[in-house]
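Chains as they are written, first to last, in this note's numbering: chain A, -16 to 522; chain B, 5 to 341. Backbone N, C-alpha and C define an ideal beta-carbon position, used for all residues, glycine too. Structure, as structure tokens:
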Amino acid sequence: MRGISPMKVAVAATAIALFASGCQSSKEPEAQSDGGTLRVYATEPAGLLTGANDSPSIAVLRQVFAGLVEFDAKTGAVKNNLAESIESPDNTTWTIKIKKGYTFENGEAVSADTFIDAWNWVAYGPNAAPNSYFMSHIIGYADTQSKDPDGDGPQKAPEPKSKTMSGLKKVDDSTFTVTLDKPFVGFPATVGYPGFFPMAKACLADSKACNEKPIGNGRYKMDGNWKHNVEVKVVRSDSWKGDKGKSAAIQYKIYDKNTTGYADYEAGELDLFDNVPPAKYKDAVATYKETLFEQASNTFTYIGFPLYDPRFQDVKIRQAISLAIDRQQVIDKIFFGRFRVAEGVVSPNFQGARPGACSNCKYDVAKAKSLMAEAGGWKGGKLTFWANAGASHGEWLAAVGDQLKANLGIEYELNETLQFPQYLQTANDKKFTGPFRLGWNPDYPVLETYLAPLYGTGGSTNNSGYTNKEFDDLVNKGNGAKTLDEGIKFYQQAEDIIVRDLPVVPLWFGKATILYSKNVKGIPYNTINGVELHNIEIK
Amino acid sequence: MGRYVVRRLLQFIPTVLGTLFLLHYLTSVAIQFGGNPVRSLFGDRNPPEDQLRQMTEQFGLGDPCLKQKGNPCIGLFWERLQDIFLRFDFGQSLSPRRDVTLVLADALPYTIKLTAIAFTVEAVLGLSAGVLAGLRNGKFSDYVVRVATVLMISMPTFVSGVLLQKFVGVKFGNWLRNDLDAPEWLGRGLFGAAYKADYPFLSLILPGIVLGSLTIAATARLTRSSLLENLRADYVRTAKAKGMKTGRVIGVHALRNSLIPVVTTLGLSIGAYMSGAVVTEGIFRVPGVGFTILRAIGIGEPMVLLGITTILVLIYLVLNLLVDLLYAVLDPRIRYE
Chain A
-16 MRGISPMKVA
-6 VAATAIALFA
4 SGCQSSKEPE
14 AQSDGGTLRV
24 YATEPAGLLT
34 GANDSPSIAV
44 LRQVFAGLVE
54 FDAKTGAVKN
64 NLAESIESPD
74 NTTWTIKIKK
84 GYTFENGEAV
94 SADTFIDAWN
104 WVAYGPNAAP
114 NSYFMSHIIG
124 YADTQSKDPD
134 GDGPQKAPEP
144 KSKTMSGLKK
154 VDDSTFTVTL
164 DKPFVGFPAT
174 VGYPGFFPMA
184 KACLADSKAC
194 NEKPIGNGRY
204 KMDGNWKHNV
214 EVKVVRSDSW
224 KGDKGKSAAI
234 QYKIYDKNTT
244 GYADYEAGEL
254 DLFDNVPPAK
264 YKDAVATYKE
274 TLFEQASNTF
284 TYIGFPLYDP
294 RFQDVKIRQA
304 ISLAIDRQQV
314 IDKIFFGRFR
324 VAEGVVSPNF
334 QGARPGACSN
344 CKYDVAKAKS
354 LMAEAGGWKG
364 GKLTFWANAG
374 ASHGEWLAAV
384 GDQLKANLGI
394 EYELNETLQF
404 PQYLQTANDK
414 KFTGPFRLGW
424 NPDYPVLETY
434 LAPLYGTGGS
444 TNNSGYTNKE
454 FDDLVNKGNG
464 AKTLDEGIKF
474 YQQAEDIIVR
484 DLPVVPLWFG
494 KATILYSKNV
504 KGIPYNTING
514 VELHNIEIK
Chain B
5 MGRYVVRRLL
15 QFIPTVLGTL
25 FLLHYLTSVA
35 IQFGGNPVRS
45 LFGDRNPPED
55 QLRQMTEQFG
65 LGDPCLKQKG
75 NPCIGLFWER
85 LQDIFLRFDF
95 GQSLSPRRDV
105 TLVLADALPY
115 TIKLTAIAFT
125 VEAVLGLSAG
135 VLAGLRNGKF
145 SDYVVRVATV
155 LMISMPTFVS
165 GVLLQKFVGV
175 KFGNWLRNDL
185 DAPEWLGRGL
195 FGAAYKADYP
205 FLSLILPGIV
215 LGSLTIAATA
225 RLTRSSLLEN
235 LRADYVRTAK
245 AKGMKTGRVI
255 GVHALRNSLI
265 PVVTTLGLSI
275 GAYMSGAVVT
285 EGIFRVPGVG
295 FTILRAIGIG
305 EPMVLLGITT
315 ILVLIYLVLN
325 LLVDLLYAVL
335 DPRIRYE
């Protein structure tokens, strides 16, 4: 006997394959009468309870739950969903009326209590819901947080003062009021976020079990428990009273690596794949141009200036740096066009966004040079760009640095030594020694979400240390405006101040790149939430 | 024998403690230098201080020593040991928030299945290739086995895994599925690009082969050389001279003695599969122990790593002990006093 030749193996394998296929009567894919199953790429959610704030969790929660409001797919405008009305005379005390007749999967009615209890549950510190801070503008939030007994210690923190927020009051079974600590015209838009979904009483009683199998009130319901690291499957709910989901079931297949997801998409195992690995992007666009969907998303990337460093306090220097960056070139060369140049600091998808709002974000070397000369030239020595380690930001930052060097003659170096948590801590502590890269995702479709947290005095993520009373006043005026449209005018003026003062260099907004299978009839895209999975039709 | 086993079991204690401490120290240093992993749950946003502190404490990461660079956190280690061994409480994973014992219970069955497949692949292919090469020493098939094993040894898993996934799982699989209209179990199950819940066993075969190929080469080579040595031994010649049938001489006399060193590699490779499947499980999305380790490292959560390692160290130690005891069964000359 000789060694087994590779030819023989190949012949044998082919024979098996042919034999096997011969046994099978040729099967035509039948039209799916019930709508079929949509197979979606996902990563492991952080939790399936109201109050999760990571995108894989939200993708599931949006189908399993229904909130008070929804967002129009095209305009992003707020539409009532479970809410009959959300009104306020002063933008501070909001009265929410809920439509009657909606129920959870277990038969419980969706009432004012189910909202109040859920919001209190999310806020209550010991429950450790990531979205807890969303409730922080409701009166009484502070009482639901446990205070550190000795400033910094391993001792067990005491129980919070209260389990409920005094700002939530039930009026009757389908009406309740919310009192905020200051006026906010955009409040109705915030309650469309999964942090504000209701919770069934059964879930509050056993939140651990509910995390594995949430009891929802939405278009779909859980089909069995969450299979960790494998899949979450939801099926169309019969108890949902609104428009039904198009497919009979949605299967969220959980991957850890997008390269594996891409391989599985190529093998025909996924109907929707939205995480094309950067290294495969060119290949994917070329191979799958028939079934590729691209749309501007809301992810904002910027380089922040440490304004606590005197070298960056002259606005002309900041403007010069911004004008000397050819964003489009970086996007084309490094990212193969996966981003859209920022023309302002708010997402182009949002109501009130203006193309070309930022005149300092254009590429204009002559103007940059003259501004730099007016400021007396760069005397800060070597510029240090900061980025978190292990996320391959170095390449594009170097491209930006090279442009500054060529256009303004500024030498630069990169600092990519800090892991992400440490990097964020450094940002928070205001210890950067040069421009730092960061990103931002909106929480709700109101321009305020791109403004106050990032540039407001005391804003949660104001890492530049920017402070400007005029800006704060304009945001507050917007928050207190009678209608959202009136508010937008003030927000736009506030944006004008930011693009003039440039506490950050706006770079680009993301693009959602979605590959879909031939089974799918196009991608219904919601500019706020992303793909509307429930509206995808399967052939 | 009994005393030997007891002595070995006692040796487990310092080994487990030492490993745990090393891992505890490394993960603590990672937090001291890399920052609080709870913070990364919030993305680019700065969470309110109160909320961050409460969550950090709930995940057992609130100890102030985790902020002092280089501090070995002995107090925290002592607490963790008490939790693990006295209360059987392995803590909670960060994302999603679950008891680590549950995370482990979910992951282990996949890895055990994968290990069984890889082990079968290794034992069957490795042994038969080794025996073939040993019996046909210097002939064509011997050279085929020797060249093939060199190739296998020099190919790291992350290369062979990705290549197999692309060309067998995707390309060949697509041809089966689309052009030949192969049945589901063959096209999607056996020749898929990743693990599938619909085919919990079939879809593990491809990753199992990748994993097993790591050690096939070593097993084949060892079997070959060991067999060659024994075929030349005096007792084999005696047996032949007595007029025994060749099959019996090789099968019962030579092979059995040649297997003693092979058993060691086979036994230890089970331990390697249990822990070393990180790459393979990652590529083929098998949600087993390796996959979980990979995720835990990515998120930077110490409790999952500590929990998994405790179990892995125990498995490894027990396997080692079993392999040593097997020697006595295979070779009556070995006695444990």
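Quiz item: Are the region 67 to 76 of chain B and the region 428 to 439 of chain A touching by the rule of at least three beta carbon pairs closer than 8 Å?
Solution: No, the region 67 to 76 of chain B is not in contact with the region 428 to 439 of chain A.
Exercise. Can you say whether TYR239(B) is buried or exposed, counting buried as having 16 or more other CB atoms within 10 angstroms of its CB?
Key: For this step, residue 239(B) is matched to residue 235 along the second sequence. Looking at its Cβ environment, which holds fewer than 16 other Cβ atoms inside 10 Å, TYR239(B) is exposed.
Quiz item: Which of the three DSSP states, helix, strand or coil, is assigned to GLY441(A)?
Solution: The residue you call residue 441(A) lines up with position 458 of the first sequence. It is coil, neither helix nor strand.
Self-check item: Supposed close pair LEU215(B), ALA281(B) - CB separation, criterion 8 Å
Solution: Taking the first residue of the second sequence as position 1, residue 215(B) is located at position 211. Taking the first residue of the second sequence as position 1, residue 281(B) is located at position 277. So it is a contact: roughly 6 Å between Cβ atoms.
Self-check item: C-alpha gap between ASP315(A) and LYS265(A), whole angstroms
Solution: Translated into the one-based positions of the first sequence, residue 315(A) becomes position 332. Translated into the one-based positions of the first sequence, residue 265(A) becomes position 282. The C-alpha of ASP315(A) lies about 11 Å from the C-alpha of LYS265(A).
Quiz item: Hey, how far is the Cα of GLN296(A) from the Cα of CYS193(A)?
Solution: Position 313 of the first sequence holds residue 296(A). Position 210 of the first sequence holds residue 193(A). Answer to the nearest angstrom: the Cα atoms are 51 Å apart.
Practice problem: Tell me, please, whether the CB atom of GLY38(B) is closer than 7 Å to any CB atom in chain A? | Solution: Numbered from 1 along the second sequence, position 34 holds the residue referred to as residue 38(B). For GLY38(B), the nearest beta carbon of chain A is closer than 7 Å to its own beta carbon.
Quiz prompt | Whole-angstrom distance between GLY6(B) and LEU330(B), CA atom to CA atom | solution = In the second sequence, residue 330(B) corresponds to position 326, counting from 1. In the second sequence, residue 6(B) corresponds to position 2, counting from 1. A direct Cα-Cα distance of roughly 14 Å separates LEU330(B) from GLY6(B).
Practice problem: Use the C-beta contact count for GLU13(A): other C-beta atoms within 10 angstroms, 16 or more gives buried, fewer gives exposed. | Solution: Here the question's residue 13(A) lines up with position 30 in the first sequence. For GLU13(A), the pLDDT reaches just 47, beneath the cut-off of 50, and the residue's location in the model is therefore unreliable, leaving the point undetermined.
Quiz item: Should ARG84(B) be flagged as near chain A, meaning a C-beta pair shorter than 7 Å?
Solution: Against the second sequence, residue 84(B) aligns to sequence position 80. Interface criterion not met: the Cβ of ARG84(B) is under 7 Å from no Cβ in chain A.
Exercise. Tell me whether GLN334(A) sits in a helix, a strand or coil according to DSSP, three-state version.
Key: Here residue 334(A) corresponds to residue number 351 of the first sequence, with the count starting at 1. It is coil, neither helix nor strand.
Quiz item: In the DSSP assignment, what are the bridge partners of VAL503(A)?
Solution: Numbered from 1 along the first sequence, position 520 holds the residue referred to as residue 503(A). DSSP output for VAL503(A) lists ILE521(A) as bridge partner(s).
Exercise. Determine the burial state of VAL147(B): buried for a count of at least 16 other Cβ atoms within 10 Å of its Cβ, exposed for fewer.
Key: Counted from its first residue, the second sequence places residue 147(B) at position 143. A small correction: the amino acid at residue 147(B) is Tyr; Val does not occupy that position in the sequence shown. Counting the other CB atoms within 10 Å of its CB gives TYR147(B) a total below 16, which places it among the exposed residues.
Quiz item: Run through DSSP, which three-state label would TYR406(A) get?
Solution: In the first sequence, residue 406(A) corresponds to position 423, counting from 1. Secondary structure of TYR406(A) (DSSP, three-state): helix.
Practice problem: Pick out whichever of ALA237(B), ILE35(B), LYS117(B) has its Cα sitting closest to the Cα of PRO68(B). | Solution: Working through the second sequence from its first residue, we reach residue 68(B) at position 64. Each of ALA237(B), ILE35(B), LYS117(B) was checked against the Cα of PRO68(B), and the nearest Cα belongs to ILE35(B).
Exercise. For PRO18(B), collect the residues of the same chain with a Cβ closer than 6 Å to its Cβ; drop the 5 residues on either side in sequence, then sort them by chain order.
Key: On the second sequence, position 14 is the one that residue 18(B) refers to. Excluding positions up to five away in sequence, the list is empty.
Exercise. Tell me GLN234(A)'s beta-bridge partners as DSSP assigns them.
Key: Taking the first residue of the first sequence as position 1, residue 234(A) is located at position 251. Assignment of beta-bridge partners to GLN234(A) by DSSP yields ARG22(A), LYS216(A).
Quiz item: By a C-beta neighbour count over all protein chains shown, 10 Å radius and 16 as the cutoff for buried, is SER280(A) buried or exposed?
Solution: Position 297 of the first sequence, counting from 1, holds the residue named residue 280(A). The residue in question, SER280(A), is buried, as its Cβ has 16 or more Cβ neighbours within 10 Å.
Exercise. Please list the residues of the region 123 to 139 of chain B that have a C-beta atom closer than 9 Å to any C-beta atom in chain A, keeping them in chain order.
Key: So the close ones are LEU136.
Quiz item: Any residues in the region 386 to 407 of chain A with a beta carbon nearer than 8 Å to a beta carbon of chain B? Which ones, in chain order?
Solution: Within the region 386 to 407 of chain A, the residues whose Cβ lies closer than 8 Å to some Cβ of chain B are LEU401, GLN402, PHE403, PRO404, GLN405, TYR406, LEU407, listed in chain order.
Quiz item: Grouping DSSP H, G and I as helix and E and B as strand, with all else coil, what is TRP369(A)?
Solution: To locate residue 369(A), count along the first sequence from 1; it is residue 386. Shown here, TRP369(A) sits in a strand according to DSSP, grouped into three states.
Self-check item: chain A contacts made by the region 49 to 65 of chain B, where a contact means CB separation under 7 Å
Solution: For the region 49 to 65 of chain B, the set of positions with a beta-carbon nearer than 7 Å to some beta-carbon of chain A reads ARG49, ASN50, PRO51, PRO52, ASP54, GLN55, ARG57, GLN58, MET59, GLU61, GLN62 in chain order.
Practice problem: Tell me whether THR268(B) sits in a helix, a strand or coil according to DSSP, three-state version. | Solution: As a first step, residue 268(B) is located in the second sequence; it is residue number 264 there, counting from the start. Helix.
Quiz item: Should LEU26(B) be labelled buried (16 or more other beta-carbon atoms within 10 Å of its own) or exposed?
Solution: For the purposes of this step, residue 26(B) is taken as the residue at position 22 of the second sequence. So LEU26(B) counts as exposed.
Quiz item: If you count every other CB in all the chains shown that lies within 10 Å of the CB of GLY1(B), and 16 or more means buried, which is it?
Solution: Only positions 5 to 341 of chain B appear in this structure, which leaves residue 1(B) out of reach.
Quiz item: Among ASP37(A), ARG202(A), GLU67(A), which residue has its Cα nearest to the Cα of HIS517(A)?
Solution: Within the first sequence, the letter at position 534 stands for residue 517(A). For the residues ASP37(A), ARG202(A), GLU67(A), the minimum Cα distance to HIS517(A) belongs to ARG202(A).
Quiz item: In this structure, does DSSP put GLU27(A) in helix, strand or coil?
Solution: For the purposes of this step, residue 27(A) is identified with residue 44 of the first sequence, where counting begins at 1. GLU27(A): coil per DSSP, three-state reduction.
Quiz item: So what does DSSP say about GLY136(A), is it helix, strand or coil?
Solution: Locating residue 136(A) in the first sequence gives position 153, counting from the first residue. Note that GLY136(A) has pLDDT 48, beneath the 50 cutoff, so the model's placement of it is unreliable and the number below is only indicative. Note: GLY136(A) maps to coil in three-state DSSP.
Self-check item: CA-to-CA distance, ILE480(A) to ASP455(A), given in whole angstroms
Solution: One-based indexing of the first sequence puts residue 455(A) at position 472. One-based indexing of the first sequence puts residue 480(A) at position 497. Their Cα atoms are separated by approximately 10 Å.
Quiz item: VAL444(A) versus chain B: which residues are under 8 Å apart at the beta carbon?
Solution: Residue 444(A) sits at position 461 when you count from the first residue of the first sequence. For the sequence presented, residue 444(A) should be read as Thr rather than Val. Chain B residues near THR444(A): ASP48, ARG49, ASN50.
Practice problem: Using 10 angstroms around the beta-carbon of PRO428(A), count the other beta-carbons present and answer buried if the total reaches 16, otherwise exposed. | Solution: As a position in the first sequence, residue 428(A) is number 445, starting the count at 1. Here PRO428(A) is buried. Its C-beta has 16 or more other C-beta atoms within 10 Å.
Practice problem: Compute the Euclidean distance between the alpha carbons of PRO507(A) and THR496(A), then round it to the nearest angstrom. | Solution: Against the first sequence, residue 507(A) aligns to sequence position 524. Against the first sequence, residue 496(A) aligns to sequence position 513. As the crow flies, the alpha-carbon of PRO507(A) is around 13 Å from that of THR496(A).
Quiz prompt | Below-7 Å beta-carbon distance, LEU421(A) vs any chain B residue | solution = Position 438 of the first sequence, counted from the first residue, corresponds to residue 421(A). Closer than 7 Å: yes.
Practice problem: Given a cut-off of 7 Å, decide if ALA222(B) and THR268(B) are closer than it, judged by their beta-carbon atoms. | Solution: Start at 1 with the first residue of the second sequence, and residue 268(B) comes out as number 264. Start at 1 with the first residue of the second sequence, and residue 222(B) comes out as number 218. At the C-beta level, THR268(B) and ALA222(B) stay beyond 7 Å of one another.
Practice problem: May I ask you to report which of helix, strand or coil DSSP gives ARG2(B)? | Solution: Summary: the structure shown does not reach residue 2(B), with chain B confined to residues 5 through 341, and so no result is reported for it.
Quiz prompt | As assigned by DSSP and simplified to three states, the class of PRO204(B) | solution = Residue mapping note: residue 204(B) aligns to position 200 of the second sequence, counting from 1. Here PRO204(B) carries a coil assignment [DSSP, helix/strand/coil].
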